[in-house]
Amino acid sequence: MSKGLPKRSENYSEWYNEIVKRADLAENSAVRGCMVIKPYGFAIWEKMQRALDDMFKATGHQNAYFPLFVPKSFLEKEEEHAEGFAKECAVVTHYRLKANPDGKGLVVDPTAKLEEELIVRPTSETVIWNAYRNWIQSWRDLPLLINQWCNIVRWEMRTRLFLRTTEFLWQEGHTAHATEKEAVEETERMLGVYADFAENWMAMPVVQGLKTPSERFAGAIETYCIEAMMQDGKALQSGTSHFLGQNFAKAFDVKFVNKENQQDFPWATSWGVSTRLMGALIMAHSDDNGLVLPPKLAPIQVVIVPIHKSEEDLATISGTVMPIVEELKAAGISVKYDDDDKQRSGWKFAEYELRGVPVRLGIGMRDIENGMIEVARRDTLTKESRAIGGVAAYIKDLLDEIQANIYKKALDFREANTFIIDTWEQFKEQIELGGFLLAHWDGTAETEENIKDETKATIRCIPLNSVEESGKCVYSGKESAKRVIFARAY
RNA sequence: CGGGGCGUAGCACAGCCUGGUAGUGCGCUCGGUUUGGGACCGAGAGGCCGCAAGUUCGAAUCUUGCCGCCCCGACCA
3 MSKGLPKRSE
13 NYSEWYNEIV
23 KRADLAENSA
33 VRGCMVIKPY
43 GFAIWEKMQR
53 ALDDMFKATG
63 HQNAYFPLFV
73 PKSFLEKEEE
83 HAEGFAKECA
93 VVTHYRLKAN
103 PDGKGLVVDP
113 TAKLEEELIV
123 RPTSETVIWN
133 AYRNWIQSWR
143 DLPLLINQWC
153 NIVRWEMRTR
163 LFLRTTEFLW
173 QEGHTAHATE
183 KEAVEETERM
193 LGVYADFAEN
203 WMAMPVVQGL
213 KTPSERFAGA
223 IETYCIEAMM
233 QDGKALQSGT
243 SHFLGQNFAK
253 AFDVKFVNKE
263 NQQDFPWATS
273 WGVSTRLMGA
283 LIMAHSDDNG
293 LVLPPKLAPI
303 QVVIVPIHKS
313 EEDLATISGT
323 VMPIVEELKA
333 AGISVKYDDD
343 DKQRSGWKFA
353 EYELRGVPVR
363 LGIGMRDIEN
373 GMIEVARRDT
383 LTKESRAIGG
393 VAAYIKDLLD
403 EIQANIYKKA
413 LDFREANTFI
423 IDTWEQFKEQ
433 IELGGFLLAH
443 WDGTAETEEN
453 IKDETKATIR
463 CIPLNSVEES
473 GKCVYSGKES
483 AKRVIFARAY
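Read in order, the letters of the first sequence are residues 3 to 492 in our numbering.
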C-alpha cells in the first residue's frame, strides 16, 4: 500500500493530483497555469508522440513547423474562429524592456510598441492557411497533408495538470483537399487514427462521435471527437478532428486550378491531440497504489528488484539476472535492473507500483536456490513464482495480456456506467451518480443549454454508430431520431 | 471577475481563540542495527512565522492595508 496516497473513491481530484506528483510526472511551475513535465512524465509523452507520429506518416502525412506568433490581423480573418479564440489569447505588444528609471528592475519600453500585436498561437489554422496560399496553385498540389508538433497557449481561467494548462504540447494536422468528399474522408480517417491510438496504445476505449453545433470548433463546419470515460464517471474529450469546409481557404484567399481548369477553393481539415492524453491515461487506469501504465506506453516495462542481505548475495543475484535482462532486451522489452543499494526492496516495490511499471520481477537467494523468480503484475497486483528458465518468453506474452486486460477493465467500467435514460427524473438522478447517459435530444441548442444549466451535463457527442430509433427528447418531449451521450465532463 | 479557504523548515501541518523560549511528522546529514511490501534506534542540520504599518514592556498570535496561493463558479483540448 502506498504511503499517504488519497483513495480514488474518496477524493478523485486529490487522488489524481497526488499521482501526478508522486509518480513524478509533472508539477505546477512558477508561471501561472503552466506545467513542468518531469522526465518520467515526458518519457511517456514521447512514447505517445512516436506512436502517433508513425500513424500519421503511415497515412501519408509530413511534419512541418510554423511560427509561434500569429499577427492579430490573421486571427481576425475568419470571423467565427476569431470570436471563439479571442477570449483566451496571450498578446505580445512590445519587443523591448529597459532599466526602470524610477528604481530597480526592468520596465516595458513604451517606445518599443509593436505596430501590430502578435498573438501567441492558440492553434495554427490562420498562420498555416496564410502559408498555404503560396503552396497551393494546382490540383496537383493536393492533397496537402501536414502535421506540426508544437506548444500552444490558451489563457484558461482555471488549470489542472495535463487536463487543462495555459501552455500545452500537442500536434495539429492541417490538410487541404481538392474535393469536399476527400476532406470529409480525411476528417473521419484521422478520427479513426485517434480512436485506434486511444484503444490500442492507451488501452482506453473511446466513443467516436460528432459534436453538436454549440460544442464545435470555432470556424469548423463539423467537429468529430473521441470521448473517454474516466473512473469517476466523467467524460474527457480526448481528441478532435474538424472538417473546416472552405472557410479558411476563403478567409486566406487560397485558390487552386482544378482539373477542369477552373479556380476553386480547397477543402480543409484540422485535427489534434494534446498532453491532455496524459491526463486521460492517468485517470483511466490508475488505482489506489498509483499509476497503472499500459505496457505499450510504459517507459520501463519490466523492473527487476533484487532482494539481498549481503554484497555477495547481490553479486549472485546479479549473475542470475543479467541473462534475463539480456533476453528481455533482445525481445525489444525495456527493462530496468534496479540494484541500487540506497533503497530497500520494499521501498522499491512501492515506488515502481506508484510509477505504474507493468511487470516487476523480484528475486532473492531463496528463489535462486529453487530456480524460481517472482513475477508481479501491476494491473491485477497479483504475484506468482515462475521457473527462471523461460521467464523472458513468458513476460513477452504477459505484457500483451496486461495491455489487453487494462483495456478490458476500462471497457467493462464504461459499459457498467453507461445508461439508457428515458425520463427527465431518471436523468437528473443518474447524472449525480456519473456515467454516460444515452438519451434522446430534440436537436435544439436551447434544450442543450437548459440541460447544461440544470444538471451541468453536456452533450459529449452524437455517436457515429448510434442507431436510428424514434423517441422523445428527455427534456422537451419533442420528437427525436437518435440518442446522444450526455455526461459531466472535464 | 464573483463565493469560500489558506500563507509557520524542502514537503504536510499544529500553535493563534486567551500575546511571554517556534513545534510535530515526513524528507535531509552522520553513526549503528536491519533488509522477502515504503525499517528501527540515536545524534544533528535546517525558520525575517507571506510583506508592511499599527497596538503593546513584549506580536507567529490582536488591528489595518497589501501581496501570493488553493478550492468552487463563469471559460475550455
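The beta carbon of each residue, even a glycine, is placed where N, CA and C say it ideally should be. All values derive from a computational prediction rather than experimental measurement.
- Alpha carbon of ALA65 to alpha carbon of ARG218, nearest angstrom: Position 63 of the first sequence holds residue 65. Position 216 of the first sequence holds residue 218. According to the sequence shown, residue 65 is Asn rather than Ala. Using only the alpha carbons, I get a separation of about 26 Å.
- Message: Measuring only the C-alpha atoms, how far is TYR14 from ARG160?
- Response: Within the first sequence, the letter at position 12 stands for residue 14. Within the first sequence, the letter at position 158 stands for residue 160. Computed Cα separation, rounded: 17 Å.
- Message: Output needed for GLN150: all residues of its chain with C-beta closer than 7 Å, excluding positions within five of it in sequence on either side, in chain order.
- Response: For the purposes of this step, residue 150 is taken as the residue at position 148 of the first sequence. Cβ within range, chain order: ASN65, ALA66, TYR67, PHE68, SER126, GLN173 and GLU174.
- For PRO103, does the count of other Cβ atoms within 10 angstroms reach 16, so buried, or fall short, so exposed? The sequence position of residue 103 within the first sequence is 101, counting from 1. PRO103 comes out exposed.
- From PHE87 to PHE170, what distance separates their C-alpha atoms? The residue given as residue 87 occupies position 85 in the first sequence. The residue given as residue 170 occupies position 168 in the first sequence. Distance between the alpha carbons of PHE87 and PHE170 is about 16 Å.
- Straight-line gap, GLN51 to MET57 (C-alpha atoms, nearest Å): Start at 1 with the first residue of the first sequence, and residue 51 comes out as number 49. Start at 1 with the first residue of the first sequence, and residue 57 comes out as number 55. Spanning the two alpha carbons is a distance of roughly 10 Å.
- Item | GLY211 vs ILE464 beta-carbon contact at 8 Å | Stepping through the first sequence from its first residue, residue 211 is reached at position 209. Stepping through the first sequence from its first residue, residue 464 is reached at position 462. Going by C-beta atoms, GLY211 is nearer than 8 Å to ILE464.
- Task: Run through the region 423-456 for me and flag every whole beta strand (DSSP E) of 3 or more residues, listed as ranges in chain order.
- Result: 438-442
- Whole angstroms is fine: what's the gap from ALA418's alpha carbon to ARG346's? Locating residue 418 in the first sequence gives position 416, where the first residue counts as 1. Locating residue 346 in the first sequence gives position 344, where the first residue counts as 1. Each residue's alpha carbon lies about 40 Å from the other.
- Could you give the distance in angstroms between the alpha-carbon of GLU81 and the alpha-carbon of LYS261? Here residue 81 refers to the residue found at position 79 when the first sequence is read from its first residue. Here residue 261 refers to the residue found at position 259 when the first sequence is read from its first residue. So the alpha carbons of these two residues sit roughly 31 Å apart.
- Consult DSSP for ASN263 and reduce its assignment to one of helix, strand or coil. On the first sequence, position 261 is the one that residue 263 refers to. ASN263 falls in the coil class under three-state DSSP.
- Query: Count the other CB atoms within 10 Å of the CB of TYR134; is the residue buried (16 or more) or exposed (fewer)?
  - Reply: Mapped onto the first sequence, residue 134 falls at position 132. TYR134 is buried by the Cβ-count criterion.
- Message: Taking 8 Å as the cut-off, does the region 221-237 touch the region 435-442 (at least 3 CB pairs, one atom from each stretch)?
- Response: yes
- Tell me the DSSP bridge mates of HIS244? Here residue 244 is taken as the residue at index 242 of the first sequence, counted from 1. Paired residue(s): THR225 and SER272.
- Message: Whole angstroms are fine: how far does the CA of VAL486 sit from the CA of SER1?
- Response: In the structure as shown, the chain starts at 3 and stops at 492, and residue 1 therefore has no counterpart that could be examined.
- Message: For HIS96, count the other beta carbons within 10 Å of its own beta carbon; 16 or more makes it buried, fewer makes it exposed. Which is it?
- Response: As a working mapping, residue 96 is identified with position 94 in the first sequence. The residue in question, HIS96, is exposed, as its Cβ has fewer than 16 Cβ neighbours within 10 Å.
- Within its chain, find whatever has a CB closer than 7 Å to the CB of VAL294; leave out the 5 residues flanking it on each side and keep chain order. Against the first sequence, residue 294 aligns to sequence position 292. Closer than 7 Å at the Cβ level, and outside the excluded window around VAL294, lie HIS287, SER288, GLY358, ARG380, ASP381 and ILE408.
- Task: Tell me where the alpha helix (DSSP H) around THR318 begins and ends.
- Result: For the purposes of this step, residue 318 is taken as the residue at position 316 of the first sequence. Note, THR318: alpha helix (DSSP H), 313-332.
- Cβ pair LEU165, ARG278 closer than 8 Å: Numbered from 1 along the first sequence, position 163 holds the residue referred to as residue 165. Numbered from 1 along the first sequence, position 276 holds the residue referred to as residue 278. A contact, by the Cβ cut-off of 8 Å.
- Query: Are there three or more Cβ pairs, one per stretch, closer than 8 Å when the region 252-272 is compared with the region 22-33?
  - Reply: no
- Is the beta carbon of TRP203 less than 8 Å from the beta carbon of THR242? Position 201 of the first sequence, counting from 1, holds the residue named residue 203. Position 240 of the first sequence, counting from 1, holds the residue named residue 242. No, these two residues do not count as a Cβ contact at 8 Å.
- Message: For THR446, tell me which candidate among GLU355, PHE267, PRO296 and SER216 has the shortest Cα-Cα distance.
- Response: Against the first sequence, residue 446 aligns to sequence position 444. Among GLU355, PHE267, PRO296 and SER216, the Cα nearest to that of THR446 belongs to SER216.
- Message: Buried or exposed for GLN139, going by 16 or more other Cβ atoms inside 10 Å?
- Response: The count along the first sequence starts at 1 and reaches residue 139 at position 137. Exposed is the call here.
- Message: My output table needs one value for HIS179: the three-state DSSP class, helix, strand or coil.
- Response: Residue mapping note: residue 179 aligns to position 177 of the first sequence, counting from 1. In this structure, HIS179 counts as strand in the three-state DSSP scheme.
- For the candidate residues ALA378, VAL327 and GLU118, whose alpha-carbon lies nearest to that of LYS350? In the first sequence, the residue the question calls residue 350 occupies position 348. Here the closest residue by C-alpha is ALA378.
- Query: Between ALA406 and LYS398, what straight-line distance do the alpha-carbon atoms span, to the nearest angstrom?
  - Reply: For this step, residue 406 is matched to residue 404 along the first sequence. For this step, residue 398 is matched to residue 396 along the first sequence. Distance between the alpha carbons of ALA406 and LYS398: 13 Å.
- Query: Which whole-angstrom value is the C-beta distance of ALA459 and ARG490, which I expect to be below 8 Å?
  - Reply: Taking the first sequence and counting its residues from 1, the one referred to as residue 459 is at position 457. Taking the first sequence and counting its residues from 1, the one referred to as residue 490 is at position 488. Their Cβ separation, rounded to whole angstroms, is 6 Å, which keeps ALA459 and ARG490 in contact under 8 Å.
- Message: On the DSSP letters alone, give me the boundaries of the alpha helix (DSSP H) that TRP131 sits inside.
- Response: Taking the first sequence and counting its residues from 1, the one referred to as residue 131 is at position 129. Segment 127-137, the alpha helix (DSSP H) holding TRP131.
- Query: So VAL129 and VAL186 are in contact, right, with Cβ under 8 Å, and what is the actual spacing, rounded?
  - Reply: The residue you call residue 129 lines up with position 127 of the first sequence. The residue you call residue 186 lines up with position 184 of the first sequence. Their Cβ separation, rounded to whole angstroms, is 24 Å, which puts VAL129 and VAL186 out of contact at 8 Å.
- Residues of its chain near HIS179, where Cβ-Cβ distance is below 7 Å and the 5 sequence neighbours each way are ignored: Your numbering for residue 179 matches position 177 in the first sequence. Only LEU144, PRO145, ALA185, GLU188, PRO268 and TRP269 meet the Cβ criterion.
- Message: Please report the distance separating the alpha-carbon of SER482 from that of LEU246.
- Response: Taking the first residue of the first sequence as position 1, residue 482 is located at position 480. Taking the first residue of the first sequence as position 1, residue 246 is located at position 244. Approximately 27 Å, taken between the alpha carbons.
- Bridge partners - MET374, DSSP secondary structure assignment: Translated into positions along the first sequence, residue 374 becomes position 372. ALA389, per the DSSP bridge assignment.
- Simplified DSSP assignment, three categories, for SER4: Residue 4 sits at position 2 when you count from the first residue of the first sequence. Note that SER4 scores a pLDDT of 40, beneath 50, so its modelled location is shaky; the value from the coordinates is reported in the next line. The answer is coil: DSSP assigns SER4 none of H, G, I, E or B.
- Nearest-angstrom Cα separation, counted from MET192 out to HIS176: Counted from its first residue, the first sequence places residue 176 at position 174. Counted from its first residue, the first sequence places residue 192 at position 190. Whole-angstrom Cα-Cα distance: 11 Å.
- Query: From this set, THR322, VAL361 and LYS311, which residue's C-alpha is nearest ILE335's C-alpha?
  - Reply: Numbered from its first residue, the first sequence carries residue 335 at position 333. Checking every option, the nearest Cα to that of ILE335 belongs to VAL361.
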